[in-house]
Structure formats: C-alpha cells, structure tokens
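Contents: one structure, followed by commentary.
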Amino acid sequence: MPATLAETATELRDRNGQLLRAYPVADGIWRMAVTVDQVDAGYRAMLLRYEDKRFYDHNGVDALALLRAAAQALWQGRVVSGGSTLSMQVARLLEDGSTGRWAGKLRQIRLALALERRLSKAQILELYLIHAPFGGNIEGVRAASYAWFGKEPSRLTPAEAALLVALPQAPEARRPDRMPEDARRARNRVLQRMRDAGVLASDAAETAAQAPMPRGMRVFPQLAPHLADYLVAETPEQARIDLTLEAGLQQRLAQLLTESVARQDARLSAAVLVADHQSGEILASVGSSGYRDDLRQGFVDMTRAPRSPGSTLKPLVYGLAFDQGLAHPETLIHDGPIDINGYAPQNFDGRFRGDLRIRRALQLSLNTPVIQLTQALGPARLMSALRRGGARPRLPGGKPGLAVALGGVGVSLRDLVQVYAGLAAGGQGPRLRARLQAPYDRMPRLMSKVSAWQIGDILRGVPPPAGAPAGMVAYKTGTSYGHRDTWAIGWDGRYVVGVWLGRADGTPVPGAFGAELAAPLLFEAFGRIGRGFTPFPAAPASTLRVATAELPLPLQRFDRGGIGGPPGERLQLAFPPDGAALLLAEGGQMTLRIKGGEAPFLVLANQTPVVTGARRRSIDLPGLERGFSTLVVVDRNGRSDQARVRITRPDE
Numbered sequence: 304m305p306a307t308l309a310e311t312a313t314e315l316r317d318r319n320g321q322l323l324r325a326y327p328v329a330d331g332i333w334r335m336a337v338t339v340d341q342v343d344a345g346y347r348a349m350l351l352r353y354e355d356k357r358f359y360d361h362n363g364v365d366a367l368a369l370l371r372a373a374a375q376a377l378w379q380g381r382v383v384s385g386g387s388t389l390s391m392q393v394a395r396l397l398e399d400g401s402t403g404r405w406a407g408k409l410r411q412i413r414l415a416l417a418l419e420r421r422l423s424k425a426q427i428l429e430l431y432l433i434h435a436p437f438g439g440n441i442e443g444v445r446a447a448s449y450a451w452f453g454k455e456p457s458r459l460t461p462a463e464a465a466l467l468v469a470l471p472q473a474p475e476a477r478r479p480d481r482m483p484e485d486a487r488r489a490r491n492r493v494l495q496r497m498r499d500a501g502v503l504a505s506d507a508a509e510t511a512a513q514a515p516m517p518r519g520m521r522v523f524p525q526l527a528p529h530l531a532d533y534l535v536a537e538t539p540e541q542a543r544i545d546l547t548l549e550a551g552l553q554q555r556l557a558q559l560l561t562e563s564v565a566r567q568d569a570r571l572s573a574a575v576l577v578a579d580h581q582s583g584e585i586l587a588s589v590g591s592s593g594y595r596d597d598l599r600q601g602f603v604d605m606t607r608a609p610r611s612p613g614s615t616l617k618p619l620v621y622g623l624a625f626d627q628g629l630a631h632p633e634t635l636i637h638d639g640p641i642d643i644n645g646y647a648p649q650n651f652d653g654r655f656r657g658d659l660r661i662r663r664a665l666q667l668s669l670n671t672p673v674i675q676l677t678q679a680l681g682p683a684r685l686m687s688a689l690r691r692g693g694a695r696p697r698l699p700g701g702k703p704g705l706a707v708a709l710g711g712v713g714v715s716l717r718d719l720v721q722v723y724a725g726l727a728a729g730g731q732g733p734r735l736r737a738r739l740q741a742p743y744d745r746m747p748r749l750m751s752k753v754s755a756w757q758i759g760d761i762l763r764g765v766p767p768p769a770g771a772p773a774g775m776v777a778y779k780t781g782t783s784y785g786h787r788d789t790w791a792i793g794w795d796g797r798y799v800v801g802v803w804l805g806r807a808d809g810t811p812v813p814g815a816f817g818a819e820l821a822a823p824l825l826f827e828a829f830g831r832i833g834r835g836f837t838p839f840p841a842a843p844a845s846t847l848r849v850a851t852a853e854l855p856l857p858l859q860r861f862d863r864g865g866i867g868g869p870p871g872e873r874l875q876l877a878f879p880p881d882g883a884a885l886l887l888a889e890g891g892q893m894t895l896r897i898k899g900g901e902a903p904f905l906v907l908a909n910q911t912p913v914v915t916g917a918r919r920r921s922i923d924l925p926g927l928e929r930g931f932s933t934l935v936v937v938d939r940n941g942r943s944d945q946a947r948v949r950i951t952r953p954d955e
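Numbering (the working numbering), first residue to last: 304 to 955.
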C-alpha cells in the first residue's frame, strides 16, 4: 500500500469498528484514510465512468481523451473537457498544480506515467479517494461522506454517490451548503450521464434527481471525547486506536447524562463509567454531561478528576475486616458516640442506633461502626488495599487518618470502578482497559472470595430507588463533605457501573445526596446497557452463613473497647510468616505458633473457623488444601493477625 500524499486523521473506533471520534490533520483539513473496498461499489462505478472510463486500460494517459479535448478546445476556442485521467488527477493533487494549462498538463502526464510504473491501479485509485477535494476543508471521499451525509461511504444512495462524483470538479462552486442549485445541477448531470451509459436504470436516476441536497456540513462523530483526548495524548503517533467501547451504549449514556443534568443546577455535571468486571473491558466512558465550554465545564473529564469518595470506601473497610477476622456480617457492633484521640465522627443524620449487626451498619452507611473497624485495621491498611485494588489515592496531608474511611482522600471515578471491579469479581478482578488490543491482566487480590461475596450479599440488600428492581444490583452511594460530590457505584454478575454528579469546580451543590441524585442514575445506566441484569454467583463453599448466636464467641460482638489492644503484648501469628510456601504431605498438619494476645484463640482458614476456644499457643492445623490459604488468628479481645500462605505437595 503506498503512503498517502499527506497525513490522515487520527481515528478512534469502537469494538465493532464504528467511528467514535476523529481528529483533523495539523492544517485543519479533514482527510481520512480509506481503502477501495471500503467505498460503495456504485460510487466507484459512477466515478470511473464519469471521470476515466478507460482507467484500467491505459498506462496513465488516455490518448483518445486528450485528442478529443484538444479538438474541442480548437473548435470552441476554450477548454471544454480536460482529458485528464484519474492518474493525472492524482498527479495534480501530488504537485498541487493547476488543471487547464498545457504546461501543467505535461507535468501531470510525466508524473502520471511514473505513478503507473510504480503503483497498481487499485493504489492509484485509493490515492484519489483519499485526496480529492470536496469543498471547504474536506478532502477524500470518506471525510466527504461524513461531512455531507453523516455516514461511512460503504453504502451510498445513487443521489449521494452522484454528488460525490460531481464535487471534486469544482468543490467550492458546487458546495451544497452555499451553492445548492449549482450542486443540484452538477449532481443531476452525473445522474443523466449514468443513465445514458447504462450504469443506472432510468427510474433510479429519476428518483435520485429528486432527492434533497444536504443543507450543511455535519459534525464529525464525537463519542467518548474525553477518553479519546487522553488516549491520543498518550500515544500521539498512533493513527488508529481501537477501543473496547460500544458506540451505541456510549451514545445512550451520554444522552442519559445530558437529560439528567438538564433538570438540575445549571452548573451540575455528571460522569459515568461502565465496565465488564470479568474481562476488564470498559464499555462506556462519559466524562461530562456535554463536551463543551459552558457553566458545567464540560471539557473537564470527571472520570479522572480526583474527588472525595464519601462513603463509597466503606465496603472496602468491611471486607478487609472480614478477612482479618475482626468481624462477620452477623457480628454485633455498637453505633454510639466515640472519641478517638479527639476525632469524634457523627452519623450523617446525627442519630445513633445502638447495637446492630455489621450487615445493617453497612446498609445504613453508618459512620461510627466503620471508624471503629478502621481504627482496628489501621488506616494504612485501607490505603494499601486501595492501591492494591488499582486506585491512585491522593492524600491531602501526609499520613492517612481515620477520616480516610469517610472520604478523606482523593480518588477518581475510574479508581472507584477499578476497585469495585475487584469486589465484583470475587476479590480479584481484571485491570480495566479501554484499548482493544491491550492484554488481559489481573490485579493483585483485594480480599478473599468469601469476603467479596459477603460484601456483595450485604449491598444487594440496600433498598433500590423507587421503581427499580430489588436484589439485582449490589451498590453503594456516597456524598462528600459539603455536598460537593455524589456517587453511586454498583455491580451485578457481569457489569460494574460508576456514577458521579457534582460541579467540576468542586463547589458545593446544596442539598445533593448520592442516594437521591446518583442512585437513580446508576439504575438507569444499568437499564441502558440493554442486556438485563446478570445473576450473582453462588456463595463460595467455605462461606460461614449462620446467625449471630452461632458465630464463634470472638465474632459475636465487635468490642471497640479492644481498639488499640488492651495492656499486654500484641497478638502475632509467629508461624507461618506471611507469604510463606509450605510443603505438606497429603493429610499432613501444619503447626501455628502464636505470640502475644490473650487466650482463648479462634483460628480461621479462608474465613472458615477451623479451631475455636484454643488456649495453647501451638495449634496443629490439619486439612489444608493445596494452593493459597489465608490464615487468621483472633484472641479473646478481638485482636487479630493473619498470614497468606501457599501449600504445595511433594508430587508438585
């Protein structure tokens, strides 16, 4: 394939090859790459018949056409027909020369002969299809088809094809938006010639001659403009970028956001991100409610802007607490006033509920229970999990504090969807990707399968917005301090969706709440995916599903009095160390060694209690299966330590 005479537009296409966005070349010209087989066969037949009917027979110069043109010029005293072949027209485009003077004609002849020696007929035709002028800043048949008809040139009507044949002869004098009658006459002359030559049937030509003319140039596709800008800046040398997005879904969600904010505050913007949490493919990414410079600051990509996530990190805290053996969904926890080194958070509504189950505390999005768990875990563990889950949190200060659990950290919508993809995919999800050719890559494990399933089971129980189906989406809402950001992130068995609403400049939106603004939009976004809701997977076999009273004693109640640990040596799982690879015979035992803490001890393997009420500090642990296991030991005060180990067999 020959190189084009000049650069062509950078293009981004969806997973099915549909154009999402294109960028004009450096001089502002719309010139798009195209191959011969991508252009309507009817147009090609008209073009060759009208411009160069012996194209496949001559060597670049049609002697008969030149003799006819010379005779007509002598007889009429002026140039009537040019006699130029398509090869000569390509030569003229190459040198940007004139059309009528004989000196220019001779240069075009020499260059056309050279082109014919070096290139095939298909390659020469392709150069014409890319570089022919079609009015204004439009070059090439593909750009012209988008500009005048809003579609690819693969399927053109006879009227459209005839107009595109006529335009390059006088692209400015025949522009349909400025000279509609001249354009109509030129098009109809082409149709008449095609009827006379038998290329078109009489009735088809007559129908095409009555077709309306385009009234103006259309806007080129501009789907996913924020993501397109980001990816083009990332790889400016790449002429075509194929994305995992679905153009139809992208368009439906962009329209949804536009409609939703139109009824709200004049400065309100919105963003939404949809991904397949099994494959990691991003299916839609809408960065604002409209890609324009207005009060909503639509040019700002709010899928990547770091904002306070409000309560959307709470599920992560609870999942980590389950993994650490600090709590279970049925564990009781006290919701009441707390003061931890001067930090005394309140619930959103200012009320306290007293004793309640962890499950209910998360569903109600209470603040004091999650702060108690964060204190027991340590804020650094939460920050580490965020990074492990694929987020890039921004701390306003240096060291993380307890407020991180309530949104005291900056994360983007894309960060949150990435982390929630890990939750949705059983605790270890894929790395999200928008490039179609990017390889599948799994993130590090965020939490155990059991904990991830338990979080999903809890959040499926959150009442949905009015009119939305219950139990089909596990979701969490959030509202940042001062009502600056509202969020809703959720998933079903296949898709994870994140929604943000707020002002791009970060100023408050009075009265905005995630449950009222973002949650309805989340469920509408799921509806526009158009595939129904995908069922959730069954609970892992090792999931402990019992009532509170049936839990091992240390898990029946979370004792915040033990936060920070009572006096005495801290609990430590001395053996095996975290990350150890252990060789065990089939049916062999592993001995745990415990330092510190206070008996009795509870031991869990992959969230399943395997030893209860132990008072010895050496505990034989039988029945571990090969592969990775997470071991947790909990003392009478609720303090815990854990290690993730890999069990191998002698035959491996």
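Heads up, the beta-carbon is just placed ideally off N, CA and C, and yes, glycines get one too.
Does the beta-carbon of residue i have 16 or more other beta-carbons within 10 angstroms, so that it is buried, or is it exposed?
{"i": "Ala872", "result": "Per the sequence shown, the amino acid found at residue 872 is Glu instead of Ala. Per the 10 Å Cβ criterion, exposed."}
{"i": "Thr789", "result": "buried"}
{"i": "Leu825", "result": "buried"}
{"i": "Arg595", "result": "exposed"}
{"i": "Ala446", "result": "buried"}
{"i": "Glu584", "result": "buried"}
{"i": "Gly725", "result": "buried"}
{"i": "Phe904", "result": "buried"}
{"i": "Thr951", "result": "exposed"}
{"i": "Gln627", "result": "buried"}
{"i": "Pro1004", "result": "Summary: the structure shown does not reach residue 1004, with the chain confined to residues 304 through 955, and so no result is reported for it."}
{"i": "Ser715", "result": "buried"}
{"i": "Asn909", "result": "buried"}
{"i": "Arg717", "result": "buried"}
Give every residue of the same chain whose Cβ lies closer than 8 Å to the Cβ of residue i, excluding the five residues on either side of it in the sequence, and list them in chain order.
{"i": "Tyr533", "result": "Asp604 and Arg607"}
{"i": "His786", "result": "Pro811, Val812, Pro813, Gly814, Ala815 and Phe816"}
{"i": "Ser457", "result": "Gln341, Val342 and Asp343"}
Which first and last residues belong to the alpha helix (DSSP H) in which residue i is found?
{"i": "Glu830", "result": "Looking at the sequence shown, residue 830 is not Glu but Gly. That run of the alpha helix (DSSP H) goes Ala822 to Ile832."}
{"i": "Asp626", "result": "Lys617 to Asp626"}
{"i": "Leu726", "result": "Leu716 to Ala727"}
{"i": "Ala486", "result": "Pro483 to Ala500"}
{"i": "Ala688", "result": "Pro682 to Arg691"}
{"i": "Pro912", "result": "Segment Thr911 to Ala917 is the beta strand (DSSP E) holding Pro912; no alpha helix (DSSP H) there."}
{"i": "Asp506", "result": "Ser505 to Ala512"}
{"i": "Gln558", "result": "Ala550 to Ala565"}
Per the DSSP calculation, residue i is bridged to which residue(s)?
{"i": "Trp794", "result": "Ala777 and Val799"}
{"i": "Arg697", "result": "Gly713"}
{"i": "His637", "result": "Asp658"}
{"i": "Asp788", "result": "Gly805"}
{"i": "Met893", "result": "Leu924"}
Near residue i, which residues of its chain fall below 6 Å by C-beta distance, leaving aside the five closest residues on each side in sequence?
{"i": "Glu398", "result": "none"}
{"i": "Val802", "result": "Val575, Ala791, Ala821, Leu824 and Leu825"}
{"i": "Asn362", "result": "Glu419"}
{"i": "Gly331", "result": "Asn440"}
Rounding to the nearest angstrom, what Cα-Cα distance links residue i and residue j in this structure?
{"i": "Met746", "j": "Arg316", "result": "26 Å"}
{"i": "Ala329", "j": "Val444", "result": "19 Å"}
{"i": "Val712", "j": "Ser611", "result": "6 Å"}
{"i": "Glu633", "j": "Leu927", "result": "26 Å"}
{"i": "Asn440", "j": "Arg748", "result": "52 Å"}
{"i": "Pro742", "j": "Gln426", "result": "34 Å"}
{"i": "Tyr431", "j": "Val393", "result": "6 Å"}
{"i": "Val382", "j": "Tyr346", "result": "A caution first: Val382 carries a pLDDT of 44, below 50, which makes its placement in the model unreliable, though a value can still be read off. Cα-Cα distance, rounded: 27 Å."}
{"i": "Ala536", "j": "Leu428", "result": "33 Å"}
{"i": "Pro696", "j": "Gly613", "result": "13 Å"}
{"i": "Arg478", "j": "Glu463", "result": "13 Å"}
{"i": "Leu258", "j": "Val337", "result": "There is no way to answer for residue 258, as the model of the chain reaches only from 304 to 955."}
{"i": "Ile866", "j": "Ala769", "result": "In this predicted model, Ile866 has a pLDDT of only 45, less than 50, meaning its place in the structure is not dependable; the value taken from the coordinates is given anyway. The straight-line gap from Cα to Cα measures roughly 39 Å."}
{"i": "Glu509", "j": "Leu396", "result": "33 Å"}
What span of residues does the beta strand (DSSP E) with residue i cover, start to end?
{"i": "Ile544", "result": "Arg543 to Asp545"}
{"i": "Gly759", "result": "Taken as a continuous stretch (DSSP letters only), Gly759 belongs to no beta strand (DSSP E), being part of the alpha helix (DSSP H) at Lys752 to Leu762."}
{"i": "Arg316", "result": "Thr313 to Arg316"}
{"i": "Val765", "result": "Taken as a continuous stretch (DSSP letters only), Val765 belongs to no beta strand (DSSP E), as it is neither H nor E."}
{"i": "Asp944", "result": "Ser943 to Thr951"}
{"i": "Thr851", "result": "Here Thr851 belongs to no beta strand (DSSP E), and DSSP marks it neither H nor E."}
{"i": "Ala587", "result": "Ile585 to Val589"}
{"i": "Ala884", "result": "Ala884 to Leu886"}
Starting from the C-beta of residue i, find all residues in its chain whose C-beta is less than 7 Å away, skip the five residues before and the five after it, and write them out in chain order.
{"i": "Asp944", "result": "Leu874, Gln875, Leu876 and Val936"}
{"i": "Pro483", "result": "Met516"}
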